[in-house]
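Let me begin by presenting the structure, written as structure tokens, before commenting on it.
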Amino acid sequence: MLPVVVVHGGAGFVPRQRSELSVSGVCSAAGSAYGILKGGGSSMDAVVNAVTLLENNPAFNAGIGSVLNVRGDIEMDALVMDGKTLASGAVSAVRNIANPTQLARLVMEKTSHACLTAEGASQFARAMGIPEVPVESLITDYSRMRWQKNLAADANPVECQMGKMGTVGAVAVDTEGNIACATSTGGMLNKMVGRVGDTPCIGSGGYADNNIGAVSTTGHGETIMKVTLARLILFNMEKGQSVEAASDSGLALMKSRVDGLGGVITVDPQGHWAARFSSLQMAWAAAQSDTLHYGLYTGEHFTQNIDDPESHYPKYKA
Amino acid sequence: MPAVIVVHGGAWAIPDELAEASVAGVKVAARGGYSVLRRGGSALDAVEAAVRSMEDNSVFNAGHGATLNTDGEVELDAIIMDGRTLGSGAVSCVKNIPHPVSLARAVMEKTSHTMLTDKGANLFAESIGMSTVPTDSLVTEYEWREWEKHKHYVTGVMEDFNSQWAHDTVGAVALDHAGNVACATSTGGIRNKMVGRVGDSPVVGCGGFADNCIGAVSCTGHGESILKVTLARLILSHIERGLSVADASQMSLWFMGERVLGAGGAVVVSSAGQWAATFTTERMAWASVENDVLSYGLDPKDVRKEKLLFE
């Protein structure tokens, strides 16, 4: 059952015409990460690889393609966690770099700290030789369009949150049984300057522990934080619940107690995995035993051989 | 429902020259928070009042008395959480605000967000009339001297956790007469930390957590270790399973010591009114009030009590 990697591209509402983009994006990321695992690479290398690809893919709300804050600027959050040591690295509200997840990993590996924010994170990036990129290189027409729409006085907040591609993330168990997670996001559309969501908050945006499993979350950040969703799901697993039951009860509590929707990918040390969501959709893909699994709408679970070059997701007419 | 408040002024090897002032400070904070509860105030009001009192007190590393980062600047973190709604407010690396806990509460009550950082947090503070103060009004002479002394230590290098390092974050938990619980935690971080370093204090589930169904926790100690085990939420998970507040705290702190070699402390109140102040560091300044009795301590197993008199 090992190795295994699961990837998500955000929980929310994805307009039909962007369905293919989101599914093919997560499938490519899962395939690439799986290749690393099969070659003996670590779960940390795999999750960082998967999430980096999604950051570089303008179709997702992470790295390139991140949503804009109220000022039209990009501020990104990311988290990585190593289930063997419980070490983590996070960055919040970091600007002008292409790959926040890699920077989060450097925080974990090269400093004695666990989280750096804003200007401090940028200073550290410079010290690590990470190139600074102009914000324009991260802004897509799509994200600018959604930002403009949301600025209008009569903007419909529900409609404006729709169609935003989500936070991205990955969880993996490698051939040595080490578990890791990574999550990355541009945050919430038109958020206040300096707003930090669940993503870089350990226990909320993600958590990994070799003895229990790993989770990466997506959805309405403020509500995820109210229930520390990632850690909650792992508490459920510690009580003996399966990956599906633990994920579903965590999401159910989030809905009933604080009226929030979201999605999670979860894995346990044996390689059992689940991709569950209470929102309308979540683009997800998993790779295990040379099989690629993927879906978007509730109940979908497509499979194909991992070596098949393209996803065979049903094409929707735009 | 009998009201309870428990406060801490940091878990670390508090030196003798700071001991008396630390204990005096937590006693004042606990009494202040308890007065709020006694006149029917909310747990949220009580923890804010207690933490503000310690932010005003320069013996503690929060607001006044904050430690400096490697650039000689003040960067403050705080969180407050309402056990009734599970709402929370937090600020990380906000500069030169005398009461970060109140700014955190404003994030919770005046925005649709849960956490603001750095410049965004300062912008928000300005927008609600909470002005910054000069660094010198927050930083003590003692701190400037200590900062100079430690400058030659290389920051960013992995080091084994050392409980000699000052960890005097402040915090409080409370249970009010209506049965609501709340927590608050505030800190200036670690001396000579990297610019922009965020520790456990403002991270929900780590520096603190409050849930009317279980209880409230505020943590202190080695921030990076507290983050690794999501200490506040871990303690509450044990209480959920049926452990007493003392056992839940001890088990969680023991786990933190074993798994990630970190030491710290926590104050806890359960929704049933049980409370505990527990620590694995050499000392922790703490105080609690329940049924008009003030309890307080510094060294392990050393608990003193005083009956409080009210007109």
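Residue numbers (the numbering used here), protein chains in the order written: chain A, 16 to 333; chain B, 2 to 312.
Glycine residues also receive a C-beta, built at the ideal position from the N, C-alpha and C atoms.
Model, not experiment: these values are computed from the prediction.
Buried or exposed: which applies to residue i, given that a residue is buried once 16 or more other Cβ atoms fall within 10 Å of its Cβ?
{"i": "S219(B)", "result": "buried"}
{"i": "Y312(A)", "result": "exposed"}
{"i": "L310(B)", "result": "exposed"}
{"i": "A175(B)", "result": "buried"}
{"i": "V158(B)", "result": "Any reading at V158(B) must be qualified, since the residue scores a pLDDT of 38, below 50, and its modelled position is unreliable; no value is offered."}
{"i": "T337(A)", "result": "In the structure displayed, chain A extends from 16 to 333; residue 337(A) sits before or after that span and is not available."}
{"i": "Q303(A)", "result": "buried"}
{"i": "Q285(A)", "result": "exposed"}
{"i": "V352(A)", "result": "The requested residue 352(A) is not part of the displayed model; chain A covers only 16 to 333."}
{"i": "C214(B)", "result": "exposed"}
{"i": "E225(B)", "result": "buried"}
{"i": "K308(B)", "result": "exposed"}
{"i": "S231(B)", "result": "Looking at the sequence provided, one finds Thr at residue 231(B) rather than Ser. Buried, because 16 or more other Cβ atoms sit within 10 Å of the Cβ of T231(B)."}
{"i": "M109(B)", "result": "buried"}
{"i": "L273(B)", "result": "The sequence given here has Ala at residue 273(B), not Leu. So A273(B) ends up on the exposed side."}
{"i": "H327(A)", "result": "exposed"}
{"i": "H9(B)", "result": "buried"}
{"i": "P115(A)", "result": "buried"}
I think residue i touches residue j, with their Cβ atoms under 8 Å apart; what is that distance to the nearest whole Å?
{"i": "L69(B)", "j": "R146(B)", "result": "Not a contact, Cβ separation roughly 11 Å."}
{"i": "G208(B)", "j": "D201(B)", "result": "5 Å"}
{"i": "I248(A)", "j": "S219(A)", "result": "Actually they do not touch by this definition, with Cβ atoms about 11 Å apart."}
{"i": "V106(A)", "j": "L131(A)", "result": "6 Å"}
{"i": "L323(B)", "j": "G64(B)", "result": "Outside the shown range of chain B (2 to 312) lies residue 323(B), about which nothing can therefore be said."}
{"i": "V66(A)", "j": "V183(A)", "result": "6 Å"}
{"i": "M252(B)", "j": "L262(B)", "result": "That belief does not hold up - the Cβ atoms of M252(B) and L262(B) are roughly 17 Å apart, past 8 Å."}
{"i": "A107(B)", "j": "I129(B)", "result": "6 Å"}
Could you tell me whether any Cβ in chain A is nearer than 9 Å to the Cβ of residue i?
{"i": "E225(B)", "result": "yes"}
{"i": "S219(B)", "result": "no"}
{"i": "H114(B)", "result": "yes"}
{"i": "V268(B)", "result": "no"}
{"i": "A91(B)", "result": "yes"}
{"i": "C207(B)", "result": "yes"}
{"i": "G197(B)", "result": "yes"}
{"i": "K194(B)", "result": "yes"}
{"i": "F280(B)", "result": "no"}
{"i": "G180(B)", "result": "no"}
Distance cutoff 9 Å, beta carbons only. Does residue i sit that close to anything in chain B?
{"i": "M240(A)", "result": "yes"}
{"i": "L131(A)", "result": "yes"}
{"i": "K206(A)", "result": "yes"}
{"i": "G236(A)", "result": "yes"}
{"i": "F250(A)", "result": "yes"}
{"i": "T14(A)", "result": "What the structure shows of chain A is the stretch from 16 to 333, and residue 14(A) is not part of that stretch, so it cannot be assessed."}
{"i": "C196(A)", "result": "no"}
{"i": "G277(A)", "result": "no"}
{"i": "C42(A)", "result": "no"}
{"i": "I112(A)", "result": "no"}
{"i": "T232(A)", "result": "no"}
{"i": "G209(A)", "result": "yes"}
{"i": "G314(A)", "result": "no"}
{"i": "I217(A)", "result": "yes"}
{"i": "G212(A)", "result": "yes"}
{"i": "T182(A)", "result": "no"}
{"i": "R246(A)", "result": "yes"}
Taking only heavy atoms of the ligand PLP into account, decide whether any of them is closer than 8 Å to the Cβ of residue i.
{"i": "G73(B)", "result": "With respect to the ligand PLP, the structure shown offers nothing to examine, as it has no ligands at all."}
For residue i, name the three-state secondary structure that DSSP assigns.
{"i": "D224(A)", "result": "strand"}
{"i": "C207(B)", "result": "coil"}
{"i": "A302(A)", "result": "strand"}
{"i": "F317(A)", "result": "strand"}
{"i": "E325(A)", "result": "coil"}
{"i": "R198(B)", "result": "strand"}
{"i": "K210(A)", "result": "Position check: residue 210(A) holds Arg in this sequence, whereas Lys was assumed. Strand at R210(A)."}
{"i": "K306(B)", "result": "strand"}
{"i": "V246(B)", "result": "helix"}
{"i": "V19(A)", "result": "strand"}
{"i": "G27(A)", "result": "strand"}
{"i": "V5(B)", "result": "strand"}
{"i": "T170(B)", "result": "coil"}
{"i": "C42(A)", "result": "helix"}
{"i": "R183(B)", "result": "According to the sequence provided, residue 183(B) is Ala. The question's Arg does not apply to it. Looking at A183(B) - three-state DSSP - the assignment turns out to be strand."}
{"i": "H151(B)", "result": "helix"}
In chain order, which beta strand (DSSP E) runs of at least 3 residues are fully inside the segment 74 to 121 of chain A?
Within the segment 74 to 121 of chain A, the beta strand (DSSP E) runs of at least 3 residues that lie entirely inside it are, in chain order, 91 to 97 and 103 to 109.
Complete runs of the alpha helix (DSSP H) confined to the segment 60 to 147 of chain B [at least 4 residues]:
For the segment 60 to 147 of chain B, the continuous alpha helix (DSSP H) assignments of 4+ residues that do not extend past its boundaries occur at 101 to 111, 119 to 128 and 136 to 139, in sequence order.
At 4 residues or longer, and completely inside the segment 210 to 240 of chain B: list those alpha helix (DSSP H) runs for me, N to C.
Within the segment 210 to 240 of chain B, complete alpha helix (DSSP H) segments of at least 4 residues are found at 224 to 229, given in chain order.
Positions along the segment 130 to 160 of chain A whose CB lies within less than 9 Å of some CB in chain E
Among the chains of the structure shown, chain E does not appear; the protein chains present are A and B.
Which runs of the beta strand (DSSP E), 3 residues or longer, sit entirely within the segment 264 to 304 of chain B?
Taking 3 residues as the shortest admissible run, the segment 264 to 304 of chain B contains the following complete beta strand (DSSP E) segments, listed from N- to C-terminal end: 265 to 271, 276 to 280, 284 to 291 and 294 to 298.
Output the residue ranges of the alpha helix (DSSP H) runs that lie fully inside the segment 237 to 283 of chain A and measure 4 residues or longer, sorted by chain position.
Fully enclosed alpha helix (DSSP H) runs of 4 or longer: 244 to 253 and 258 to 273.
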